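*Asks:* Residue numbers (the numbering used here), protein chains in the order written: chain W, 1 to 162; chain D, 1001 to 1128.
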Amino acid sequence: MTLLLNRIDDRLIHGQVVVGWGQPLNVRFIVLVDDDVAESDWEQDLYRAGVPPEMEVMFHTVEDAAAALAGYRADSRAGLLVTGSIASMRSLVADGDVRDVNVGGIHHRRGRTQHLRYVFLTDQERAALRELQSLGAVVTAQDVPATKPVPLPELLLAREGA
Amino acid sequence: MSEARGVVAGHGEFAAGLVSAVDAITGCGAILVPLQVRGLCGDDILALLRETLVATGCRVIFTDLQAGSCTMAARRLLREHGEVTLVAGANLPMLLEFVLSSLDNPNAAAVAAAERGRNAVSVVGAQE
Chain W
1 MTLLLNRIDD
11 RLIHGQVVVG
21 WGQPLNVRFI
31 VLVDDDVAES
41 DWEQDLYRAG
51 VPPEMEVMFH
61 TVEDAAAALA
71 GYRADSRAGL
81 LVTGSIASMR
91 SLVADGDVRD
101 VNVGGIHHRR
111 GRTQHLRYVF
121 LTDQERAALR
131 ELQSLGAVVT
141 AQDVPATKPV
151 PLPELLLARE
161 GA
Chain D
1001 MSEARGVVAG
1011 HGEFAAGLVS
1021 AVDAITGCGA
1031 ILVPLQVRGL
1041 CGDDILALLR
1051 ETLVATGCRV
1061 IFTDLQAGSC
1071 TMAARRLLRE
1081 HGEVTLVAGA
1091 NLPMLLEFVL
1101 SSLDNPNAAA
1111 VAAAERGRNA
1121 VSVVGAQE
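#1: Where does ASN1119 (chain D) sit, in a helix, a strand or coil, going by DSSP?
#2: Tell me whether ALA1109 (chain D) is buried or exposed, calling it buried when 16 or more other Cβ atoms sit within 10 Å of its Cβ.
#3: At 3 residues or longer, what runs of the beta strand (DSSP E) sit wholly inside the region 1018 to 1055 of chain D?
#4: Buried or exposed, going by whether 16 or more other CB atoms sit within 10 Å of the CB of ASN1105 (chain D)?
#5: At a Cβ threshold of 7 Å, is ARG1059 (chain D) touching chain W?
#6: Please go through the same chain and pick out, in chain order, the residues whose beta-carbon is closer than 6 Å to the beta-carbon of LEU25 (chain W), but skip the five residues on each side of it.
#7: Please report the straight-line C-alpha distance between GLY1042 (chain D) and ARG1059 (chain D), rounded to a whole angstrom.
#8: Check whether the Cβ atoms of LEU81 (chain W) and PHE59 (chain W) sit closer than 7 Å, and answer yes or no.
#9: Assess, as a yes-or-no matter, whether the region 16 to 25 of chain W is touched by the region 44 to 55 of chain W under the definition of 3 or more beta carbon pairs within less than 8 Å.
#10: Short of 9 Å Cβ to Cβ, which residues in the region 108 to 121 of chain W face chain D?
#11: The beta strand (DSSP E) with GLY71 (chain W) in it runs from where to where?
#12: For the region 8 to 46 of chain W, which segments carrying the beta strand (DSSP E) assignment without a break, of at least 3 residues, lie completely within its bounds, in sequence order?
#13: Kindly indicate the opening and closing residues of the beta strand (DSSP E) around LEU1065 (chain D).
#14: At 8 Å on the CB atoms, spell out the chain D contacts of LEU46 (chain W), in chain order.
#15: At which residues does the beta strand (DSSP E) containing LEU80 (chain W) begin and terminate?
#16: How big is the Cα-Cα spacing for ILE106 (chain W) and VAL150 (chain W)?
#17: Determine the chain W residues that contact LEU1040 (chain D) at a beta-carbon separation under 8 Å, and present them in chain order.
#18: Just to confirm, is the Cβ distance from LEU135 (chain W) to VAL93 (chain W) under 7 Å?
#19: Check the Cβ of ILE172 (chain W) against every Cβ in chain D and list those closer than 7 Å, keeping chain order.
#20: Report buried or exposed for PRO145 (chain W), applying the criterion of at least 16 other Cβ atoms within 10 angstroms of its Cβ.
#21: Is ILE30 (chain W) closer than 7 Å to VAL62 (chain W) when the C-beta atoms are compared?
#22: With a threshold of 8 Å, are at least 3 pairs of Cβ atoms found where one atom belongs to the region 69 to 77 of chain W and the other to the region 1002 to 1012 of chain D?
#23: Looking at the secondary structure, which residues open and close the beta strand (DSSP E) in which ASP100 (chain W) lies?
#24: Straight-line CA distance for ALA158 (chain W) to ARG1118 (chain D)?
#25: Which residues does DSSP pair with PRO145 (chain W) in a beta bridge?
#26: For ASP1104 (chain D), which residues in chain W fall below 9 Å Cβ to Cβ?
#27: Along the chain, where does the beta strand (DSSP E) containing LEU1100 (chain D) start, and where does it finish?
#28: Determine the chain W residues that contact HIS1011 (chain D) at a beta-carbon separation under 7 Å, and present them in chain order.
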């Protein structure tokens, strides 16, 4: 198996990740890339407590994650990669050979405009997603497996809640 | 302060649905505050929970999934408020027990309610 999903989600590990994707894909490990979590034992314990016993969670800073991804791709088990921001994923696209990016959840915050029920973006974030694509990644939005993936151009045009 | 003694939070309409059911069965739905968190990031869920506890005086939080965003936010809140009790994996029998118990000590009532909810699951019919 390999890393089956490379997901941007500001909630990091939560129900959609563990159950929504984790169960149908039979995921056995999650690679969580986030500088704050990687530096906090308490945060790591929090995320470990949220996953079932058969699921392992590995923590990396953005800086050390890219070099580790080849090893995770060679793992015989099914895994997911999660970052909390577009900027973190950009590093992994540029330096970690990530070629498919799932925008799974970028939620409401002041200054963001709603595109989908689960995607809100600033101008800078829209540009950052375009940059991921220009770096060679295929970018789609999809919160859970049962919904249709939304290609980046369609995502950027979409407006909900306006 | 309101008569509310517990906050319910979870995915989709989980909280509103359960509180609606509690109210339909007991007329005591006002003891529970349902939170809607759709579209919120983790920080905003935490802020909403914190504001709700302050506004209502509630010291008990019921959530749906162990890995859910509401559970994560509530666990962070417990770091700030040691007097808060979190029950993850809430169900209807659990909430009924909670609202119908003596709420002089909501934290103790939450522990008893969790036990009731845990024991309220049954499987009937053909099994392999």
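Glycine is no exception: its CB is placed at the ideal position from the N, C-alpha and C atoms.
All values derive from a computational prediction rather than experimental measurement.
*Replies:* Well, looking at it:
#1: Counting from one through the second sequence, the residue named residue 1119 (chain D) turns up at place 119. Correct three-state label for ASN1119 (chain D): helix.
#2: As a working mapping, residue 1109 (chain D) is identified with position 109 in the second sequence. Residue burial is scored here from C-beta neighbours: ALA1109 (chain D) has at least 16 other C-beta atoms within 10 angstroms and is therefore classed as buried.
#3: Correct list: 1032 to 1035.
#4: Looking up residue 1105 (chain D) in the second sequence gives position 105. Here ASN1105 (chain D) is exposed: its Cβ has fewer than 16 other Cβ atoms, across all protein chains shown, within 10 Å.
#5: Here residue 1059 (chain D) corresponds to residue number 59 of the second sequence, with the count starting at 1. ARG1059 (chain D) does not count as touching chain W.
#6: Indexing the first sequence from 1 puts residue 25 (chain W) at position 25. Exclusion of the five residues before and after LEU25 (chain W) leaves LEU4 and ALA78 as the residues of its chain whose Cβ lies within less than 6 Å of its Cβ.
#7: Along the second sequence, read from residue 1 onward, the residue named residue 1042 (chain D) stands at position 42. Along the second sequence, read from residue 1 onward, the residue named residue 1059 (chain D) stands at position 59. When rounded, the separation of the alpha-carbon atoms in GLY1042 (chain D) and ARG1059 (chain D) is 20 Å.
#8: As a position in the first sequence, residue 81 (chain W) is number 81, starting the count at 1. As a position in the first sequence, residue 59 (chain W) is number 59, starting the count at 1. No, the pair does not count as a contact, with Cβ atoms beyond the cut-off.
#9: Using a Cβ-Cβ distance cut-off of 8 Å, the region 44 to 55 of chain W and the region 16 to 25 of chain W are in contact, since at least three pairs of beta carbons, one from each stretch, lie closer than that value.
#10: Going along the region 108 to 121 of chain W in chain order, one finds HIS108, ARG109, GLN114, ARG117, TYR118 and PHE120 with a Cβ nearer than 9 Å to chain D.
#11: Locating residue 71 (chain W) in the first sequence gives position 71, where the first residue counts as 1. Here GLY71 (chain W) belongs to no beta strand (DSSP E); instead the alpha helix (DSSP H) covers 62 to 73.
#12: List check, beta strand (DSSP E) in window: 29 to 33.
#13: Counting from one through the second sequence, the residue named residue 1065 (chain D) turns up at place 65. No beta strand (DSSP E) holds LEU1065 (chain D); DSSP gives it neither H nor E.
#14: Along the first sequence, read from residue 1 onward, the residue named residue 46 (chain W) stands at position 46. Under a criterion of Cβ atoms nearer than 8 Å, the residues of chain D adjacent to LEU46 (chain W) are, in order, MET1072, ARG1075 and ARG1076.
#15: Within the first sequence, the letter at position 80 stands for residue 80 (chain W). LEU80 (chain W): member of the beta strand (DSSP E) spanning 79 to 83, first to last residue.
#16: For the purposes of this step, residue 106 (chain W) is taken as the residue at position 106 of the first sequence. For the purposes of this step, residue 150 (chain W) is taken as the residue at position 150 of the first sequence. Each residue's Cα considered, the two are about 14 Å apart.
#17: For this step, residue 1040 (chain D) is matched to residue 40 along the second sequence. Close to LEU1040 (chain D), with beta-carbon spacing below 8 Å, are these residues of chain W in chain order: HIS107 and HIS108.
#18: Start at 1 with the first residue of the first sequence, and residue 135 (chain W) comes out as number 135. Start at 1 with the first residue of the first sequence, and residue 93 (chain W) comes out as number 93. Contact: yes.
#19: Since the first residue shown for chain W is 1 and the last is 162, residue 172 (chain W) is missing from the structure and cannot be characterised.
#20: Translated into positions along the first sequence, residue 145 (chain W) becomes position 145. By the neighbour-count rule (16 or more Cβ atoms within 10 Å), PRO145 (chain W) is not buried but exposed.
#21: Counting from one through the first sequence, the residue named residue 62 (chain W) turns up at place 62. Counting from one through the first sequence, the residue named residue 30 (chain W) turns up at place 30. A distance of 7 Å or more separates the beta carbons of VAL62 (chain W) and ILE30 (chain W).
#22: The answer is no - the region 1002 to 1012 of chain D does not touch the region 69 to 77 of chain W, with fewer than three Cβ pairs under 8 Å.
#23: The count along the first sequence starts at 1 and reaches residue 100 (chain W) at position 100. Residues 100 to 105.
#24: Residue numbering aside, residue 158 (chain W) sits at position 158 when the first sequence is read from its first letter. Residue numbering aside, residue 1118 (chain D) sits at position 118 when the second sequence is read from its first letter. When the Cα atoms are used, ALA158 (chain W) and ARG1118 (chain D) turn out to be separated by approximately 43 Å.
#25: Residue numbering aside, residue 145 (chain W) sits at position 145 when the first sequence is read from its first letter. For PRO145 (chain W), which the question treats as bridged, DSSP gives no partner whatsoever.
#26: Against the second sequence, residue 1104 (chain D) aligns to sequence position 104. Neighbours of ASP1104 (chain D) on chain W: none; closest Cβ ~30 Å, over 9 Å.
#27: For the purposes of this step, residue 1100 (chain D) is taken as residue 100 along the second sequence, with counting starting at 1. It is not in any beta strand (DSSP E) - LEU1100 (chain D) instead sits in the alpha helix (DSSP H) that spans 1092 to 1100.
#28: Locating residue 1011 (chain D) in the second sequence gives position 11, counting from the first residue. By Cβ distance, chain W contributes GLY15.
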